[in-house]
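Below: the structure, in structure tokens.
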Amino acid sequence: MMTDKKAEKKKFQFFKTAKKKTTEVLDKQQENTEAVKEKKKRKKREKVPAITGKKIGKVAFWTSMGFMFFGSTLSYIQLAGPPRAAAIQEKKEETQKVNVSEAELISYAKDFTNEYFNWKVESNVVDGRKKRLETYFVEGLDAQGGLNKDTLKNYNSSLLKSEAVEIKQKGNEAEVTMKIVQKLEPVQNSTPGADPAATPKDPKEITRYLSIPILTENGKMVIWNTPSIVHGEKTKAAYKVATFKPDGKQITEDTEVKRVEQFLQSVFKVYTEGTPEEIAYYFEKSNITNGLKGIMSFNKIENVRVYESKETDKGYHVLVDTILKDNDSSLEYTYTYDLNLINKDGKFSISSMKQFENKLEKVEVES
Numbered sequence: 001m002m003t004d005k006k007a008e009k010k011k012f013q014f015f016k017t018a019k020k021k022t023t024e025v026l027d028k029q030q031e032n033t034e035a036v037k038e039k040k041k042r043k044k045r046e047k048v049p050a051i052t053g054k055k056i057g058k059v060a061f062w063t064s065m066g067f068m069f070f071g072s073t074l075s076y077i078q079l080a081g082p083p084r085a086a087a088i089q090e091k092k093e094e095t096q097k098v099n100v101s102e103a104e105l106i107s108y109a110k111d112f113t114n115e116y117f118n119w120k121v122e123s124n125v126v127d128g129r130k131k132r133l134e135t136y137f138v139e140g141l142d143a144q145g146g147l148n149k150d151t152l153k154n155y156n157s158s159l160l161k162s163e164a165v166e167i168k169q170k171g172n173e174a175e176v177t178m179k180i181v182q183k184l185e186p187v188q189n190s191t192p193g194a195d196p197a198a199t200p201k202d203p204k205e206i207t208r209y210l211s212i213p214i215l216t217e218n219g220k221m222v223i224w225n226t227p228s229i230v231h232g233e234k235t236k237a238a239y240k241v242a243t244f245k246p247d248g249k250q251i252t253e254d255t256e257v258k259r260v261e262q263f264l265q266s267v268f269k270v271y272t273e274g275t276p277e278e279i280a281y282y283f284e285k286s287n288i289t290n291g292l293k294g295i296m297s298f299n300k301i302e303n304v305r306v307y308e309s310k311e312t313d314k315g316y317h318v319l320v321d322t323i324l325k326d327n328d329s330s331l332e333y334t335y336t337y338d339l340n341l342i343n344k345d346g347k348f349s350i351s352s353m354k355q356f357e358n359k360l361e362k363v364e365v366e367s
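Per UniProt numbering, the very first residue in the sequence shown carries number 1; after that it's consecutive.
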């Protein structure tokens, strides 16, 4: 019995010791685990400042680079600003240099031709003309503007008329062509050794065209090249009026043509005497705000030509010569009108009316 108790006690002691050892081991493991966790936390805390420091460094670096770029750009703009402004100013000044009106060019050219074509043969005629012209010529240009100073003494010259007929402008250069009428009065035996037969005895009027090259700058003008006589007569364009070709067949029946004539008599009488409302009565759709009332009077119509119309069913295309008289004079004018008539229920109305427009054809010019 005693042996059993001892064995039981020994067993109990063994389990107590084992439990204690187990508890110590578990506590140690827990301490180790906590230490590891704490170490990791501490390591993490130590790493955070390092990572944050790198980010701050990057931000600081790119911020400084941004400020440097902005500063450089601003400096460039400041440096580039004035030259650009100067370029714009130069462009404005250049625009001002060529900004001379046609009226100013014509006035300048008329003043010049007045000095160029007016002279009287006297002892100092050459020097006097030279002095007047030098205010127009660029330095170094022929003093007499191309006119031979010896033949200058053969005539007294006066300018009867001058007008500008053509103006060409390119940049600050211009060319003004003046049509002039010049009266020349011969001076006998003015040039030693001259052939008397070569100088006309009677005064003479001649018409010429003078081309004047002008340079402009800041509103000022100067003649930079010798003015020259040119062929100023313009040849007309090589065209002629083409023969009229109607779209439809011509109506020759007297009764129908008479009907059209009577209708047109009434139309043009109202067109020259009536109100817009009265005129509109004769039109399908009238946009006429006024006729010729108070300006012209209707006299008569002539040469009525009636054709089948392709624009209106059973209508007519009509050409008519209308003679109108000016109310303030006895002058008469003949105008050809082009009308399209609608023929409906035995009555006419106008769908369109205008002055006749010629068709042209090219004329071959012999070379």
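No residue lacks a Cβ here, since even glycine has one placed at the ideal position from N, Cα and C.
If you're wondering where the values come from, they're calculated on a predicted model, not measured in any experiment.
Item                                                                                                                                                                   : Value
If you drop the 5 nearest sequence neighbours on each side, which residues of the same chain put their C-beta closer than 6 Å to that of residue 308?                  : 248, 249
What residue ranges within the stretch 243 to 326 form continuous beta strand (DSSP E) runs of no fewer than 3 residues, ordered along the chain?                      : 296 to 308, 316 to 326
In its own chain, which residues sit with a C-beta less than 8 Å from the C-beta of residue 360, not counting the 5 before and 5 after it?                             : 239, 240, 241, 242
From residue 288 to residue 351, what does the alpha carbon distance come to, in whole angstroms?                                                                      : 12 Å
Kindly provide the ranges of any beta strand (DSSP E) runs that are 3 or more residues long and lie completely inside the stretch 149 to 181, ordered along the chain. : 155 to 170
Return helix, strand or coil for residue 91, following the three-state DSSP convention.                                                                                : Summary for residue 91: the model assigns pLDDT 46, below 50, so the residue's position carries little reliability, and this model does not support an answer.
Which term fits residue 229, buried or exposed, when burial requires 16 or more other beta carbons within 10 angstroms of its beta carbon?                             : exposed
Under DSSP, the alpha helix (DSSP H) around residue 380 begins and ends at which residues?                                                                             : Nothing about residue 380 can be reported from this structure: the residues present for the chain run from 1 to 367 only.
When we look at the beta-carbon of residue 262 and count the other beta-carbons within 10 Å, is it buried (16 or more) or exposed?                                     : exposed
If you reduce the DSSP assignment to three classes, tell me which class residue 187 lands in.                                                                          : coil
Leaving out the 5 sequence neighbours to the left and right, which residues in its chain are closer than 6 Å to residue 357 when beta-carbon positions are compared?   : none
Run through DSSP, which three-state label would residue 359 get?                                                                                                       : coil
Give me the Cα-Cα distance between residue 140 and residue 335, rounded to the nearest whole angstrom.                                                                 : 58 Å
Provide the residue span of the beta strand (DSSP E) that contains residue 230, from first to last.                                                                    : 228 to 230
Can you tell me which of 234, 130, 150 puts its alpha carbon nearest to the alpha carbon of residue 143?                                                               : 130
The beta strand (DSSP E) with residue 142 in it runs from where to where?                                                                                              : Unbroken run through residue 142: none, as it is neither H nor E.
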